[in-house]
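>
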Amino acid sequence: MKHTISVLVENKPGVLARIAGLFSGRGYNIDSLSVGATQDAAVSRMTIVAQGDDAVLEQITKQLNKLIDVIKVQDFSGKDFVERELFLIKVSCTGQNRSEVMQVADIFRAKIVGVSRNTIIIEITGAAKKTAAFIELLRPFGIKELVRTGKVAVAR
4 MKHTISVLVE NKPGVLARIA GLFSGRGYNI DSLSVGATQD AAVSRMTIVA QGDDAVLEQI
64 TKQLNKLIDV IKVQDFSGKD FVERELFLIK VSCTGQNRSE VMQVADIFRA KIVGVSRNTI
124 IIEITGAAKK TAAFIELLRP FGIKELVRTG KVAVAR
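Just so you know, we're using the working numbering here: the sequence shown kicks off at 4 and counts up by one.
1. Sorted by chain position, which residues of the same chain lie with C-beta nearer than 7 Å to Lys82's C-beta, five sequence neighbours on each side aside?
2. By the DSSP assignment, the beta strand (DSSP E) with Thr50 in it spans what residues?
3. Report yes if the CB atom of Thr41 is closer than 9 Å to the CB atom of Lys154, and no otherwise.
4. Comparing C-alpha positions only, which one of Phe144, Leu67, Ile63, Phe26 sits nearest to Gln99?
5. Say yes only if the C-beta of Lys154 is nearer than 8 Å to one or more non-hydrogen atoms of the ligand COA, and no if none qualify.
6. For Gln62, which three-state DSSP category applies?
7. Got a sec, what are the start and stop residues for the beta strand (DSSP E) Arg87 sits in?
8. Taking all protein chains shown into account, do 16 or more other C-beta atoms lie within 10 angstroms of the C-beta of Ser119, making it buried, or fewer, making it exposed?
9. Return the CA-CA distance between Arg87 and Asp109, expressed in angstroms with no decimal places.
10. Do you know offhand how far Ala53's Cα is from Asn121's?
11. Hey, could you find the ends of the beta strand (DSSP E) Leu11 is sitting in?
12. Give me the Cα-Cα distance between Asn68 and Gly129, rounded to the nearest whole angstrom.
13. Quick check for students: name the residue ranges of the alpha helix (DSSP H) that lie wholly in the segment 113-149, counting only runs of 4 or more.
14. DSSP three-state label for Arg159, please.
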């Protein structure tokens, strides 16, 4: 089961390394990690997506809470929250299918952020189901490159 965990930490050098080390030292994989400053410049929010059962999640939470630089740990599993992720997708296109690629982007409210003779770069932001459906529709055109941020989430 995937768990989305929000961790408020002091914005200091080395905090990210200590938290990543905590996961790797115990053999837990991080599926997604996003870090950024909050409204308070002294505090950063880490959004971590990891897999495991409830026992693994409990162990992760306990270990995170033991770290000095950790202010608050919140698991969003089973809670009402908003999540988003940003993708940049470079898609092959020709003169014949360029308008079709642009129509697909328009339907999903994605933005065309770059155009060249043989490719279009599209930006899309959204929840996991929306972005996955969009990517599947683009696959037949030929995805040249795909980059994504980590998931960010906030409780309602």
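Where is the CB? At the ideal position from N, CA and C, for every residue including glycine.
In short:
1. Ala158
2. 46-54
3. no
4. Phe144
5. The ligand COA is not part of the structure shown, which contains no ligands of any sort.
6. helix
7. 84-95
8. exposed
9. 19 Å
10. 37 Å
11. 5-13
12. 30 Å
13. 131-141
14. coil
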